[in-house]
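Enquirer: Going from the sequence shown to this note's numbering is simple: count from 1 and add 1.
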Amino acid sequence: MSHQNHSVVECPRCGRHTIVQESATQWTCLNCSFSKDLSKPGLGSLVIVLGLIFLAIALLLA
Ligand SMILES: [Zn+2]
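1) Kindly provide the chain-ordered list of residues whose Cβ lies closer than 5 Å to any non-hydrogen atom of ligand 1.
2) Going by DSSP in three states, V10 sits in which element: helix, strand or coil?
3) Is the number of C-beta pairs between the segment 24-32 and the segment 42-60 that are closer than 8 Å three or more?
4) Quick one: residues in its chain with C-beta nearer than 6 Å to the C-beta of C15, no 5 flanking neighbours on either side, listed in chain order?
5) Just the Cα atoms here: how many angstroms apart are L39 and L60?
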């Protein structure tokens with residue numbers, strides 16, 4: 002097995018540094034097949050964006 006893709010990212014499932022980048026947004030662990038798609042925004046960032054929008058509206062109405 003070659004290690005041309007040096008990974009510094011620790012797998013959240015198995016804890017090994019065997020995660021490789023398969024595409025611009027897709028990361029996969031070679032050890033346990035854990036995959037993460039970064040193209041889908043998490044719910045946390047969506048809540049932050051909505052909070053900023055509400056804050057801007059509140060400032061405009063004040
Ligand atoms: Zn893993």
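Idealized CB from N, CA, C, for every residue including glycine. Values in this document were obtained by computation on a predicted structure and should not be read as measured data.
Expert: Let me lay it out:
1) C12, R14, C15, C30, N32, C33 and F35
2) coil
3) no
4) N32 and C33
5) 32 Å
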